[in-house]
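Below: the structure, in structure tokens.
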Amino acid sequence: MFLVSMAVFMIVESSPGNVAKNILGAFITPEQEASFLKQQGFDKPLTSRYISWFTGSDWVAEMKIGHPLKRITTEKGYQEWWVESENGNLLQWNLKGEDLFVTILEQNGNIKEVIDNDRWQKDKKGISHFWGVSNKNSAVKWEKGSAKETWNYVYGRGWGKTTGGPVEYIPLKKGFLRGDPGISLRTGRPVAKSLFVRLRNSLVLAGIAFVIVMPLALILGIIAGLKEGSLQDRILSITGMSFSVIPEFATGIFLILIMSTWLDLVPGATVFGEKAPWERPDMLILPVLTLTLIELGYVLRITRASMAEVMRSAYIRTAYLKGLPSFKVIFVHAVRNALIAPITVIMLHVNWLMGGIVIVEVVFGYPGLGQYLLDSALYKDINAIEAGTMIMVMIAVGTQLIADILYTFLNPRIRYS
Amino acid sequence: MTKKIHPSIEKFKKDLDSGKINRREFVRFATLLGVSAVAATQMAGIVALPTTASAATAKRGGTLRIAGPVQKVTHPAQFSWITPTNQLRQVAEYLTYSDENNVTHPYLLKNWEVSDDLKTWTLNLRKGIKFNNGDEFVADDVMFTFNQWMDKAVGSSMKGMIGAYLPANGIEKINDYQVKLHLSAAEIGVPEHLFHYPAMILNHRTFKGDFIKAPHGTGPYTLETYVEGERCVLKRRDDYWKKDTDGSQLPYIDKIEYIDMGTEMTPMIAALKSGEIDFIDFSDLGGTEAFQSLKKDSGVNVYGVATNQTRILRMRVDLKPWDDNRVRQALKLCQHRQKILALAYFGQGLLGQDVHVSPKHPEYSPIETPAYNPAKAKQLLKEAGYPNGLEVNLVVGNGWKEIVRYAEVLQQDAAPAGFKINIVSMPNSQYWEKWTEVDLGITTWAHRPIGTMVLNLAYVGDENGKPASWNESRWVDKEFSTLLKKANGTLDVEKRRKIFAKLEKIQQDRGSIANAFWINQWVITTKRVQNVVAHPSLYLNASDMWLNS
Numbered sequence: 005m006f007l008v009s010m011a012v013f014m015i016v017e018s019s020p021g022n023v024a025k026n027i028l029g030a031f032i033t034p035e036q037e038a039s040f041l042k043q044q045g046f047d048k049p050l051t052s053r054y055i056s057w058f059t060g061s062d063w064v065a066e067m068k069i070g071h072p073l074k075r076i077t078t079e080k081g082y083q084e085w086w087v088e089s090e091n092g093n094l095l096q097w098n099l100k101g102e103d104l105f106v107t108i109l110e111q112n113g114n115i116k117e118v119i120d121n122d123r124w125q126k127d128k129k130g131i132s133h134f135w136g137v138s139n140k141n142s143a144v145k146w147e148k149g150s151a152k153e154t155w156n157y158v159y160g161r162g163w164g165k166t167t168g169g170p171v172e173y174i175p176l177k178k179g180f181l182r183g184d185p186g187i188s189l190r191t192g193r194p195v196a197k198s199l200f201v202r203l204r205n206s207l208v209l210a211g212i213a214f215v216i217v218m219p220l221a222l223i224l225g226i227i228a229g230l231k232e233g234s235l236q237d238r239i240l241s242i243t244g245m246s247f248s249v250i251p252e253f254a255t256g257i258f259l260i261l262i263m264s265t266w267l268d269l270v271p272g273a274t275v276f277g278e279k280a281p282w283e284r285p286d287m288l289i290l291p292v293l294t295l296t297l298i299e300l301g302y303v304l305r306i307t308r309a310s311m312a313e314v315m316r317s318a319y320i321r322t323a324y325l326k327g328l329p330s331f332k333v334i335f336v337h338a339v340r341n342a343l344i345a346p347i348t349v350i351m352l353h354v355n356w357l358m359g360g361i362v363i364v365e366v367v368f369g370y371p372g373l374g375q376y377l378l379d380s381a382l383y384k385d386i387n388a389i390e391a392g393t394m395i396m397v398m399i400a401v402g403t404q405l406i407a408d409i410l411y412t413f414l415n416p417r418i419r420y421s
Numbered sequence: 013m014t015k016k017i018h019p020s021i022e023k024f025k026k027d028l029d030s031g032k033i034n035r036r037e038f039v040r041f042a043t044l045l046g047v048s049a050v051a052a053t054q055m056a057g058i059v060a061l062p063t064t065a066s067a068a069t070a071k072r073g074g075t076l077r078i079a080g081p082v083q084k085v086t087h088p089a090q091f092s093w094i095t096p097t098n099q100l101r102q103v104a105e106y107l108t109y110s111d112e113n114n115v116t117h118p119y120l121l122k123n124w125e126v127s128d129d130l131k132t133w134t135l136n137l138r139k140g141i142k143f144n145n146g147d148e149f150v151a152d153d154v155m156f157t158f159n160q161w162m163d164k165a166v167g168s169s170m171k172g173m174i175g176a177y178l179p180a181n182g183i184e185k186i187n188d189y190q191v192k193l194h195l196s197a198a199e200i201g202v203p204e205h206l207f208h209y210p211a212m213i214l215n216h217r218t219f220k221g222d223f224i225k226a227p228h229g230t231g232p233y234t235l236e237t238y239v240e241g242e243r244c245v246l247k248r249r250d251d252y253w254k255k256d257t258d259g260s261q262l263p264y265i266d267k268i269e270y271i272d273m274g275t276e277m278t279p280m281i282a283a284l285k286s287g288e289i290d291f292i293d294f295s296d297l298g299g300t301e302a303f304q305s306l307k308k309d310s311g312v313n314v315y316g317v318a319t320n321q322t323r324i325l326r327m328r329v330d331l332k333p334w335d336d337n338r339v340r341q342a343l344k345l346c347q348h349r350q351k352i353l354a355l356a357y358f359g360q361g362l363l364g365q366d367v368h369v370s371p372k373h374p375e376y377s378p379i380e381t382p383a384y385n386p387a388k389a390k391q392l393l394k395e396a397g398y399p400n401g402l403e404v405n406l407v408v409g410n411g412w413k414e415i416v417r418y419a420e421v422l423q424q425d426a427a428p429a430g431f432k433i434n435i436v437s438m439p440n441s442q443y444w445e446k447w448t449e450v451d452l453g454i455t456t457w458a459h460r461p462i463g464t465m466v467l468n469l470a471y472v473g474d475e476n477g478k479p480a481s482w483n484e485s486r487w488v489d490k491e492f493s494t495l496l497k498k499a500n501g502t503l504d505v506e507k508r509r510k511i512f513a514k515l516e517k518i519q520q521d522r523g524s525i526a527n528a529f530w531i532n533q534w535v536i537t538t539k540r541v542q543n544v545v546a547h548p549s550l551y552l553n554a555s556d557m558w559l560n561s
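Respectively, the protein sequence lines represent chains D and G. Residue numbering for the first sequence follows my numbering, beginning at 5 and increasing consecutively. Residue numbering for the second sequence follows my numbering, beginning at 13 and increasing consecutively.
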């Protein structure tokens, strides 16, 4: 996983596209672009960005500021970073003109703002510096007295000439290791929050499809495999095959045309708004049907081939010859051995269902993980891509583990001694 | 109503009576100069323009569901996309309102007055308007918002627009309901600029840089939920300042819900057809695909509107071979305009004349549409030193289907003249990264209500004579710039049109751009949405819409 996360970081990094322009629009000025990149920490070298993504950046900022930092969640659900002072009050700073103001959030919930110019530290060149936390969840190094002059407007005081301003930013996050994949650049929300809903939606869709398609495919596959070359085998194999070779976007659009536009039976797109997917089951019908048609043929054919092979084997003939009733031969002896191959495929397909449904999600406008990843990739939203990929990797590794455990039940020979 | 009527109004009235200008132009210019739209329309002898609905016919209640991206927003002055403004313009409002006919009305302003030299603008605020948190709307809010635009740290595109003629110390508060603007140069487009989409009026008491955290505006709705990438919910407020024609409270619709369905059009079209949504916000997505599949659908209403949006084929005049006007003219002659409009945009628009002034701009002076002439183009190429033809790369963003088709038609039609055009296609995002840099490319240009606005952006130099930052073709023409400056300060519509006749001729004869068509836009809704107005910028004004059950 560590390697995958590094690889994803490198790939996103080297891919073309300009994240600032993707997010702020094509018409930003070079100054706006530079300021955006700086505020997001994109002016730092690749390695340090990777480290802060993985292990967080608050500890770096704490060293610079010299006080512990604290992340709180406000009543409205916004995450905010503050500096914790010795007496337990929380502090944030902002610069108005050349004056530093501190916002104090007291433990009883009172907020007050006072001038705080004593914090400036003068260096040898006569330039004053201060490291603090801004109200935009960044550690910021402010500067005054440098040669850089700008005109700034301070409300209540009017326009004035100021020197310096913010010169360095560290966007604060806890890091992936501590369960904080950071803020999405595209949406400005914590990735973890959006990802949870999207993952849940995708799991619902994939789960329903899985529950429908797998037993169905296994049963039909066993029926087809019982007698190779029979009429039922031919019908099942050919139908299953034809659906699985049609790409899912075509199946999806045909289904929308037939079921929604012509027959007007079910909605042709998924619009949930505030509702969760299970509150509008009618909208799930078409996406699930599309996934079912695609998956069915594939698993069916594997099961059929495996079943047919088992049915030809010597021990099945022995069982028949020994006079066992055929249902017993099939269910006790044949099916168990025939299931090993399909289980591998099924487990691989859990993965496919989670990641590969991106096409189905896009066709039906389904707010799932696949679509989230696609949008994030289009915007080069590194934090969201990384977190999404990590979840995919976890699911892949997890399902393979489950598959390995299942084998041992089906075939005692591969049990560890 | 204004106390004193600007001297030019009398003249316009005479022009109107003698038939020199039409009613629409009269209303537009009269309102620009501070006569309220009602008065102007009365002078022009037509019924009041901003027809708000009446309670007798309208129904109250219901939820309007709209599909459209819900993007990250913080500071309204930094807006660079239209859709977020459509969500938030139901919450916060503008000082003025440019309607679908490019007539600008006072909105949060009661009216405005302008001095004869067009350099002092007095803005009179409407009294008794309340923000949705209870604060009263006063001159301090206007002052605060103006200063946010002018603040370099905010980085608003308003700074580039009004900063050109309004110095930072030129904004003066007279009293709680009056603000004066002291311009450094004459400008007639001030009311239009005040309706530019980042120009939302903010509450000076509560705004701290993030509108979502303190969504206090004067608009008809309050912001209930804003989840980026998912949805945006707006709830009706009871104490909105606008009333309908019967004097009963606006708005009619209880709730507006924006749902982010990604950027793929297919599911949105399907959802509109099955009535799961009522409206698709095309402002940042483009509506051609939906128009094509829904234009014959009996279940929806399609409202079309001609716009001043166009696709500009621009040639960089600082690079070979486009530094030679003969080569530029040759390429322009290779456009078979009717064919391009028919194939690239299904004939849904007006023909362009290689001039960045639309027939819908008030000061447009009719100019001949050049015909397709490959023989003459070949001759011009030969004269320019390319007797064996010329191979060029044309860069297009492949997300804009009409641009790709424009390029393909041109590629075919320019071949007989000796042009070998290689189409270099790339994702739109990549095109935007180098739109000012490519030597030959096709760029989309947004709708602007008056002709001077875009010419001042794209075809002039900065104070040092270097091409301005949006001058993608690097074309700076001395005569053109002088005339344009004159036009910027010319009130008389006839005189202005005369200047524009010259400007258009110069651009057609030696300019750096070709444009084959001006596009139409559409608003498509389900049948139950009533009183829909298609705005050329696809701005959404929900305050007087209603829903039939």
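C-beta atoms are modelled at their ideal positions from N, C-alpha and C, and glycine is treated no differently. Treat the numbers as computed from the prediction; the structure is a model and nothing was measured.
For Leu288 (chain D), the enclosing alpha helix (DSSP H) begins and ends at Pro285 to Arg316. The Cβ of Phe368 (chain D) sits closer than 8 Å to at least one Cβ of chain G. Bounds of the alpha helix (DSSP H) holding Ile226 (chain D) are Val195 to Leu230. Residue pairing by DSSP places Phe105 (chain D) opposite D:Asn98 and D:Ile119 in a beta bridge.
In the three-state reduction of the DSSP assignment, Ala391 (chain D) falls in the helix class. In the DSSP assignment, Gly316 (chain G) forms a beta bridge with G:Trp534. In the three-state reduction of the DSSP assignment, Phe291 (chain G) falls in the strand class.
For Met280 (chain G), the residues of chain D that pass the 8 Å Cβ criterion are Ala273 and Gly369, in the order they occur in the chain. Note on geometry: alpha-carbon atoms of Arg340 (chain G) and Ile462 (chain G) lie some 27 Å from one another. Scanning the segment 329-382 of chain G for uninterrupted beta strand (DSSP E) segments of 3 residues or longer gives 361-363, listed from N- to C-terminal end.
At a C-beta separation below 9 Å, Gly392 (chain D) has no neighbours in chain G, since its nearest C-beta there lies roughly 13 Å away. Under the criterion of beta carbons closer than 8 Å, Asp556 (chain G) and Leu262 (chain G) qualify as touching, at roughly 6 Å.
Secondary-structure assignment with DSSP links Glu88 (chain D) through a beta bridge to D:Leu94.
Looking at the backbone, the Cα of Leu414 (chain D) and that of Thr307 (chain D) are separated by about 15 Å. A buried status is given to Ser92 (chain G), since no fewer than 16 other beta-carbon atoms sit within 10 Å of its beta-carbon. If you ignore the 5 residues before and after Phe492 (chain G), its C-beta comes within less than 6 Å of the C-beta of Ile518, all in its own chain and listed in chain order. Contact between the segment 401-417 of chain D and the segment 339-347 of chain D is present: 3 or more CB-CB pairs across the two stretches fall below 8 Å. Beta-bridge annotation (DSSP): Arg243 (chain G) is paired with G:Val239 and G:Ile271.
Proximity of the segment 84-102 of chain D to the segment 193-210 of chain D falls short of the contact definition, fewer than three beta-carbon pairs being nearer than 8 Å.
With its beta carbon less than 8 Å from one in chain D, Gly241 (chain G) belongs to the interface. Taking 9 Å as the Cβ-Cβ cut-off, the segment 271-303 of chain G approaches chain D at Ile271, Asp272, Met273, Gly274, Thr275, Glu276, Thr278, Pro279, Met280, Ile281, Ala282, Ala283, Leu284, Lys285, Ser286, Gly287, Glu288 and Ile289, given in chain order. Contact between the segment 215-229 of chain D and the segment 237-256 of chain D is established, with three or more Cβ pairs separated by less than 8 Å. Of all residues in the segment 84-100 of chain G, only Lys84, Ser92 and Trp93 come within less than 7 Å of chain D when Cβ atoms are compared, listed by chain position. Assigned with DSSP and collapsed to three states, Trp487 (chain G) falls in coil, not helix or strand. Judged by DSSP secondary structure, His547 (chain G) falls outside any alpha helix (DSSP H); it is assigned neither H nor E.
Distance from the CA of Met155 (chain G) to the CA of Ala197 (chain G), rounded to the nearest whole angstrom, comes to 20 Å. In this structure, the alpha-carbon of Ala228 (chain D) lies about 6 Å from that of Gln236 (chain D). Taking the Cα of Ala180 (chain G) as reference, the smallest distance to any Cα among G:Asp222, G:Leu195, G:Ile186 and G:Asn187 is reached at G:Leu195. Unbroken beta strand (DSSP E) runs of no fewer than 3 residues, entirely contained in the segment 142-194 of chain G, are found at 183-187 and 190-194, following chain order. For Glu184 (chain G), no CB of chain D lies under 8 Å from its own CB, so it is not counted at the interface with that chain.
Rounded to whole angstroms, the separation of the alpha carbons of Ile435 (chain G) and Pro281 (chain D) is 44 Å.
Straight across, the Cα-Cα distance linking Ala213 (chain D) with Val292 (chain D) is about 5 Å. Contact annotation: in the segment 251-272 of chain G, residues whose CB is within less than 7 Å of a CB in chain D are Glu269 and Ile271. Residues of the segment 134-151 of chain D with a C-beta less than 9 Å from any C-beta of chain G: Asn139 and Lys140, listed in chain order. The beta carbon of Gly277 (chain D) falls within 8 Å of a beta carbon belonging to chain G, placing the residue at that interface. It is roughly 10 Å from the alpha-carbon of Gln43 (chain D) to the alpha-carbon of Glu37 (chain D).
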